Amino acid sequence: MGVYHILGGRPLQGRIRVQKSKNAVLPMIAAALLCEEKIVLKGCPFISDVCDMVEILQNLGAEVWWEDSDLCLECRKIEKDTVEGALAEKMRSSVLFLGSLLGRKKRAVVHAPGGCTIGKRPTDLHQMAMTQLGAGVEEKNCEICAETKQLKGNLIVFPRVSVGATENAILAGTLARGVTVLENCAREPEILHLCRFLNQMGAKIEGAGTSEIVIRGVQRLEGCTFCVPSDRIAAGTYLMAGAATRGRIILEDAPVDEMGAVLDVYEKMGGQYAVIGGTLVTESRNVHLAVPYLETSGYPGFPTDLQSLYLAVAVTLEGGSRIRETIFEDRMRTAWELKKMGAKVTIEGQEIRTETSKLLGADVTSTDLRGGAALAIAALGAEGITTVHKIHLIERGYEQFPRTLSALGGRILVEKEAID
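Read in order, the letters of the sequence shown correspond to residues 45 to 464 in the numbering used here.
Take a look at the structure:
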């Protein structure tokens with residue numbers, strides 16, 4: 045488990061390079077099952093979620109190894125068609141093996157996925173997509189079981205937008221016979237990156253990044269080397285860390301084109317930034333004003349993954365902010381932990397209201413990945429020492445998180461052996 049002990053009160057300053065994208069690389073690892081040749085994911089982040097996805101691949105029979113920061117995958121001999129419960133329960137992204145296993149083995153058994161406790165994340169749309177592509181699907185004993193003689197292209201209209209279900213349908217449709225048309229798709233950049241990755245292997249996918257994606261099935265995919273894109277959520281996290289401490293941070297390799305909604309909120313708070321040759325230069329000394337209303341939504345709206353991070357800043361700003369969470373109903377738990385630090389917040393259903401607060405050091409506990417990061421940046425801006433428990437949740441998605449914050453002047457002591 046372990047804890048962070050964080051001494052706040054010092055503006056973060058300096059230059060860091062944004063890590064590669066967790067949310068982009070996880071479906072790529074699942075997609076590797078569709079190819080029997082070697083795949084190299086250059087610059088893959090070394091985080092626990094990646095390690096858990098790799099463990100699933102290895103358990104299925106794949107050969108996996110690291111060459112410096114590059115992840116090498118070879119799925120020539122896939123012996124199993126079942127993602128075991130103990131592995132699936134570690135993370136939500138394990139459900140993506142449903143589509144890739146069906147495409148590769150024509151059969152898939154995936155235990156109900158785990159991950160952060162941020163609310164209901166049903167698999168009904170994933171199952172619907174597999175059924176529409178010709179698989180028989182049933183759920184029993186906490187397992188999704190799917191089988192087909194041959195996946196066949198079809199029209200799939202999602203009744204609601206889902207990133208994971210869109211990704212799963214893309215994975216299953218890539219080797220399906222005929223044409224698959226997906227409507228009402230999620231438009232997140234990670235889906236665009238997945239389709240680019242698959243196309244580089246020989247898939248025929250059009251429309252990624254829009255609400256309609258067309259997949260023309262192919263018989264086989266070829267190996268490739270693909271550069272993992274930068275992480276827009278990590279970049280947004282460090283942007284908010286600068287805002288929380290009124291610091292000055294330079295973010296190299298920030299995916300600025302994917303950060304429009306976040307940068308818009310940053311400017312409304314009083315933050316200033318410039319983009320110079322792919323580098324995002326931020327100045328947070330004038331951050332002082334809460335955004336009156338903020339609502340999370342699918343891309344290109346404000347991402348739910350940064351809601352808690354904005355909250356950690358908003359409670360220190362002039363004026364009130366009303367934050368409405370529309371994606372995950374349990375993404376509100378971090379607000380209760382911030383109250384322990386003196387944050388003046390009220391929670392009404394799916395809305396959080398903030399008042400100007402002075403944050404003080406306290407003992408707080410991460411309840412999910414992004415909420416844990418939010419507590420850490422709140423601690424950096426607070427007065428006194430804050431102890432953040434359950435840091436393993438934070439390290440699911442951030443590469444060398446305490447070291448990166450320390451490089452910016454943050455004062456963090458990591459106590460790995462503490463009992464939570």
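From the three backbone atoms N, C-alpha and C, an ideal C-beta is built for every residue, glycine too.
Source: prediction; values computed, not measured.
Exercise. Hey, could you find the ends of the beta strand (DSSP E) Thr431 is sitting in?
Key: Within the sequence shown, the letter at position 387 stands for residue 431. Its beta strand (DSSP E) spans residues Ile429 to His433.
Exercise. Look at the alpha carbon of Pro347 and the alpha carbon of Ser341, and state the distance between them as a whole number of angstroms.
Key: Your numbering for residue 347 matches position 303 in the sequence shown. Your numbering for residue 341 matches position 297 in the sequence shown. Going from the Cα of Pro347 to the Cα of Ser341 covers about 6 Å.
Self-check item: Sequence-distant residues of the same chain with beta carbon closer than 6 Å to Arg329, five excluded per side
Solution: As a first step, residue 329 must be located in the sequence shown, where it is residue number 285. Arg290, listed in sequence order.
Quiz item: Around the C-beta of Lys66, are 16 or more other C-beta atoms found within 10 angstroms, so that it is buried, or is it exposed?
Solution: Here residue 66 corresponds to residue number 22 of the sequence shown, with the count starting at 1. Its Cβ being crowded by 16 or more others within 10 Å, Lys66 is buried.
Quiz item: With respect to the beta strand (DSSP E) encompassing His49, which residues constitute its N-terminal and C-terminal limits?
Solution: Position 5 of the sequence shown, counted from the start, is the residue given in the question as residue 49. His49 -> beta strand (DSSP E) spans Val47 to Leu51.
Practice problem: Mind checking which residues open and close the alpha helix (DSSP H) that includes Gly147? | Solution: The residue you call residue 147 lines up with position 103 of the sequence shown. From DSSP, the alpha helix (DSSP H) with Gly147 extends over Phe141 to Lys149.
Quiz item: For Arg54, which of helix, strand or coil comes out of DSSP?
Solution: As a working note, residue 54 is residue 10 in the sequence shown. Looking at Arg54 - three-state DSSP - the assignment turns out to be coil, as it is neither helix nor strand.
Exercise. Determine the DSSP secondary structure at Ile371, reduced to helix, strand or coil.
Key: Taking the sequence shown and counting its residues from 1, one reaches residue 371 at position 327. Reduced to three states, the DSSP call for Ile371 is coil.
Quiz item: If we ignore side chains and look at the alpha-carbon of each, how far apart do Ile294 and Val262 end up?
Solution: Within the sequence shown, residue 294 is the residue found at index 250, counting from 1. Within the sequence shown, residue 262 is the residue found at index 218, counting from 1. Going by the C-alpha atoms only, they are around 43 Å apart.
Self-check item: Three-state secondary structure assigned by DSSP to Leu177
Solution: Numbered from 1 along the sequence shown, position 133 holds the residue referred to as residue 177. Residue state, collapsed to three classes: coil.
Practice problem: Pull up the distance between the alpha-carbon of Ile60 and that of Glu362, whole angstroms please. | Solution: What you label residue 60 is simply residue 16 of the sequence shown in a count that begins at 1. What you label residue 362 is simply residue 318 of the sequence shown in a count that begins at 1. Approximately 29 Å between the Cα atoms of the pair.
Practice problem: Find out if the Cβ-Cβ distance for the pair Ile277, Asp349 is shorter than 7 Å. | Solution: Here residue 277 corresponds to residue number 233 of the sequence shown, with the count starting at 1. Here residue 349 corresponds to residue number 305 of the sequence shown, with the count starting at 1. Closer than 7 Å, so yes.
Practice problem: Hey, could you find the ends of the beta strand (DSSP E) Lys383 is sitting in? | Solution: Numbered from its first residue, the sequence shown carries residue 383 at position 339. No beta strand (DSSP E) contains Lys383, which is instead part of the alpha helix (DSSP H) from Arg377 to Lys383.
Quiz prompt | Meets three-Cβ-pair contact criterion under 8 Å: the region 74-83 and the region 422-435 | solution = no
Self-check item: Beta-carbon proximity check, Cys116 vs Ala106, cutoff 7 Å
Solution: Numbered from its first residue, the sequence shown carries residue 116 at position 72. Numbered from its first residue, the sequence shown carries residue 106 at position 62. No, Cβ-Cβ distance for Cys116 and Ala106 is not below 7 Å.
Exercise. Ignoring anything shorter than 3 residues or poking outside the region 89-139, list the beta strand (DSSP E) runs there in chain order.
Key: 107-111 and 114-118
Quiz item: DSSP state of Tyr317, grouped into three classes?
Solution: Here residue 317 refers to the residue found at position 273 when the sequence shown is read from its first residue. Strand.
Quiz prompt | Whole-number beta carbon distance between Glu296 and Glu256, since they are thought to touch under 8 Å | solution = As a working mapping, residue 256 is identified with position 212 in the sequence shown. As a working mapping, residue 296 is identified with position 252 in the sequence shown. 35 Å between Cβ atoms; not a contact.
Quiz prompt | For Lys312, the first and last residue of its enclosing alpha helix (DSSP H) | solution = The residue given as residue 312 occupies position 268 in the sequence shown. Taken as a continuous stretch (DSSP letters only), the alpha helix (DSSP H) holding Lys312 covers Gly304 to Lys312.
Quiz prompt | Enclosing alpha helix (DSSP H) for Tyr354 [first to last residue] | solution = For the purposes of this step, residue 354 is taken as the residue at position 310 of the sequence shown. Here the alpha helix (DSSP H) through Tyr354 covers Gln351 to Ala358.
Quiz item: Going along the chain, which unbroken runs of the beta strand (DSSP E) with 3 or more residues stay wholly within the region 204-275?
Solution: 223-227, 248-250, 256-260 and 268-271
Exercise. Assign His155 to one of three DSSP states: helix, strand, or coil.
Key: On the sequence shown, position 111 is the one that residue 155 refers to. Three-state result, His155: strand.
Practice problem: Quick one: give me the first and last residue of the beta strand (DSSP E) that Arg292 is part of. | Solution: Walking along the sequence shown from the start, residue 292 turns up at place 248. Its beta strand (DSSP E) spans residues Arg292 to Glu296.
Quiz prompt | Contact check, Val207 vs Val69, beta carbons under 7 Å | solution = On the sequence shown, position 163 is the one that residue 207 refers to. On the sequence shown, position 25 is the one that residue 69 refers to. Result no, Cβ atoms of Val207 and Val69 do not sit closer than 7 Å.
Quiz item: With 7 Å set as the bound, which would you pick, yes or no: does the beta-carbon of Ile391 sit closer than that to a beta-carbon of chain D?
Solution: This model lacks chain D altogether; it includes just one protein chain.
Self-check item: Distance between Gly304 and Met172 (C-alpha atoms, nearest Å)
Solution: By one-based count along the sequence shown, residue 172 stands at place 128. By one-based count along the sequence shown, residue 304 stands at place 260. Their backbone Cα atoms lie some 32 Å apart in a straight line.
Exercise. Out of Gly52, Leu265 and Ile367, point me to the one whose CA is closest to Lys393's CA.
Key: Taking the first residue of the sequence shown as position 1, residue 393 is located at position 349. Per the sequence presented here, residue 393 reads as Gly, with Lys not at that position. For Gly393, the nearest C-alpha among the options comes from Ile367.
Quiz prompt | For Glu133 and Gly428, the rounded distance between their alpha carbons | solution = The count along the sequence shown starts at 1 and reaches residue 428 at position 384. The count along the sequence shown starts at 1 and reaches residue 133 at position 89. So the two alpha carbons sit approximately 37 Å from each other.
Exercise. Taking Leu56 and Ala285 to be in contact with their CB atoms under 8 Å, please state how far apart those CB atoms are, rounded to whole angstroms.
Key: Sequence index remark: in the sequence shown, residue 56 carries index 12 (1-based). Sequence index remark: in the sequence shown, residue 285 carries index 241 (1-based). Right, the Cβ-Cβ distance comes to about 6 Å (below 8 Å), so this counts as a contact.
Practice problem: Measure the Cβ-Cβ separation of Ser352 and Gly415 and say whether it is below 7 Å. | Solution: Position 308 of the sequence shown, counted from the first residue, corresponds to residue 352. Position 371 of the sequence shown, counted from the first residue, corresponds to residue 415. Taking 7 Å as the Cβ cut-off, Ser352 and Gly415 qualify as a contacting pair.
Self-check item: Neighbourhood of Pro89 by C-beta, 8 Å cutoff - its chain only, sequence neighbours within 5 removed
Solution: Residue mapping note: residue 89 aligns to position 45 of the sequence shown, counting from 1. These residues qualify, in order along the chain: Gln63, Lys64, Ser65, Lys66, Val69, Val272, Asp275 and Glu443.
Practice problem: For Gln194, collect the residues of the same chain with a Cβ closer than 7 Å to its Cβ; drop the 5 residues on either side in sequence, then sort them by chain order. | Solution: Residue 194 sits at position 150 when you count from the first residue of the sequence shown. Counting only Cβ-Cβ distances below 7 Å, and skipping sequence neighbours, we find Gly178 and Arg221.
Practice problem: Would you mind reading off the limits of the alpha helix (DSSP H) that contains Thr448? | Solution: Translated into positions along the sequence shown, residue 448 becomes position 404. Unbroken alpha helix (DSSP H) run through Thr448: Phe445 to Ala451.
Quiz prompt | Ile259, buried or exposed, once every other Cβ within 10 Å from all chains shown has been counted against 16 | solution = What you label residue 259 is simply residue 215 of the sequence shown in a count that begins at 1. Looking at its Cβ environment, which holds 16 or more other Cβ atoms inside 10 Å, Ile259 is buried.
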